[in-house]
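Working notes for the structure below.
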Amino acid sequence: MSILITARRWDITPWVERFRRLGPDRVVHDGREPFDPAAIRYAAVWRPEPGLLASLPNLKAIFNLGAGVDALLQDKTLPDVPIIRIINPDLTQRMSEWVILQVLYHFRQLPAHRAAQMARHWLSIDQPAASSVRVGIMGMGVLGQDAAEMLIRLGFQVAGWSRTPKAMTGLRSFSGAAELPAFLAQTDILVVLLPLTPETDGILNRDLFAQLARGGALGAPVLINAGRGGLQREADILVALDDGTLGGASLDVFEVEPLPEESPLWAHPKVVVTPHCAADSTPDGLVAGILADIAAFERGEKLVNLVDRRAGY
Ligand code: NDP
Ligand code: OXD
């Protein structure tokens with residue numbers, strides 16, 4: 033059964049190679065080369081060309097090569113076949129590493145120590161205890177829950193906000209729009225791992241920042257976003273940083289990617305910019321799992337990790 037590999041903005045060569053190496057019994061088509069649309073049964077995609085998937089008459093399933101499906105779902109011609117998103121320990125581990133790195137960067141006041149180092153100044157500042165700092169995670173799915181477990185182990189007070197409540201030892205769970213103000217009011221470091229959907233579009237705005245806890249151990253709240261750039265209003269982040277509503281920000285995702293050269297975020301002293309690399313999808317980490325899912329599906333088993341198109345994630 034044929035598999036099509038196609039992506040925009042990514043070099044798919046290592047993906048095609050990996051699929052061919054691990055699935056020698058499959059015909060693997062490189063989407064950059066001519067292929068017979070009728071032959072394709074499965075598509076492994078990242079931001080495919082709109083309309084392409086609709087042109088495959090025998091397509092049985094779409095495998096999104098990332099966790100977020102917002103870009104894929106923008107294609108209004110998507111055929112009515114199951115969409116499977118990535119849930120993989122490799123990707124989850126990478127995201128939790130990035131989240132912990134950013135939380136510790138702000139919590140351990142690295143910007144101040146770095147500035148003092150540059151000035152050859154032996155800076156002595158009080159360091160609060162992790163147990164006095166409240167980390168709030170928006171988006172308690174696969175990635176949010178893993179990050180929460182690690183942060184709890186590090187001793188932070190951890191809360192999560194999602195559509196449905198979560199039960200996790202050591203976690204304060206908030207859910208739904210009604211509980212968002214209470215969640216924000218007790219958050220010193222806001223970690224965002226939400227998907228981009230019509231409901232979450234622009235949720236990280238001036239109004240939300242103003243609801244974060246004041247007077248916490250870090251002085252001012254910090255924003256850490258690795259969800260999607262469409263969640264945030266960058267003009268509002270800049271105002272909030274400059275008027276003290278936010279004390280700092282770490283951003284891996286942006287309204288426009290790559291982040292335009294003229295964006296003030298690049299050089300802002302309170303901002304860490306990383307180029308949408310918090311949790312890269314890698315062929316080594318993901319291809320074996322996709323091939324195993326296809327094999328299970330062909331044995332008659334149910335597909336797992338299906339996207340709920342109505343919810344948008
Ligand atoms: P999941 O689908 O497992 O989790 C999404 C979470 O968001 C769930 O807890 C869900 O609630 C919650 N949620 C969704 N909509 C709302 C809403 N309207 N209000 C409150 N909570 C909501 O996704 P993942 O954890 O796997 O990934 C999250 C996102 O991370 C991806 O969609 C992607 O955009 C981003 N990402 C970024 C990467 C990077 O490199 N920067 C890499 C990988 C992913 P509930 O649990 O109740 O359903
Ligand atoms: C993803 C991403 O969604 O890399 O997996 O952004």
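Under the numbering used here, read the sequence shown as residues 33 to 345, first letter to last. No residue lacks a Cβ here, since even glycine has one placed at the ideal position from N, Cα and C. Please read these numbers as outputs of a predicted model, since none were measured by experiment.
Inset, instruction - Kindly indicate which three-state DSSP category TYR137 falls into: helix, strand or coil? - result: Here TYR137 sits in helix by DSSP.
Inset, instruction - Please list, in chain order, all residues of the same chain as GLN134 whose beta carbon is under 7 Å from its beta carbon, the five residues on each side excluded. - result: ILE256, SER282, VAL304
Inset, instruction - Please say whether ARG50 and VAL319 have beta carbons closer to each other than 8 Å? - result: yes
Inset, instruction - Let me know if HIS61 comes out buried or exposed under the rule of 16 or more other beta-carbons within 10 Å of its beta-carbon. - result: buried
Legend entry - Backbone secondary structure at ASP275 - three-state DSSP: coil
Legend entry - With 16 other Cβ atoms within 10 Å as the buried cut-off, status of SER87: Under this definition SER87 is an exposed residue.
Legend entry - The beta strand (DSSP E) enclosing ASP62, as first and last residue numbers: 59-62 is the span of the beta strand (DSSP E), which, as asked, contains ASP62.
Legend entry - Straight-line gap, ALA252 to ARG246 (C-alpha atoms, nearest Å): 6 Å
Legend entry - Pick from PHE67, GLU231, SER34 that is closest to GLY55, judged by C-alpha positions: SER34
Legend entry - For LEU91, three-class secondary structure by DSSP: coil
Inset, instruction - Provide the residue span of the beta strand (DSSP E) that contains VAL48, from first to last. - result: Taken as a continuous stretch (DSSP letters only), VAL48 belongs to no beta strand (DSSP E), being part of the alpha helix (DSSP H) at 45-54.
Inset, instruction - Spell out a yes or no on whether the region 142-157 and the region 196-206 are touching, meaning 3 or more CB-CB pairs, one atom from each, closer than 8 Å. - result: no
Inset, instruction - Just the C-alpha distance for VAL174 and LEU222, rounded to the nearest angstrom, thanks. - result: 17 Å
Inset, instruction - With DSSP collapsed to three states, give me the class of PHE241. - result: DSSP places PHE241 in helix when its eight states are reduced to three.
Legend entry - Touching by the beta-carbon criterion (3+ pairs, under 8 Å), the region 223-235 and the region 172-187: yes
Inset, instruction - Would you tell me roughly how many angstroms separate the C-alpha atoms of ASP268 and LEU91, rounded to the nearest one? - result: Between the alpha carbons of ASP268 and LEU91 lies a distance of about 43 Å.
Legend entry - Rounded Cβ spacing between MET127 and ALA39 (contact assumed at less than 8 Å): No, MET127 and ALA39 are not in contact; Cβ-Cβ is about 20 Å, not under 8 Å.
Legend entry - Three-way DSSP call (helix, strand, coil) for GLY347 in this model: Absent from the structure is residue 347, since the part of the chain shown begins at 33 and ends at 345.
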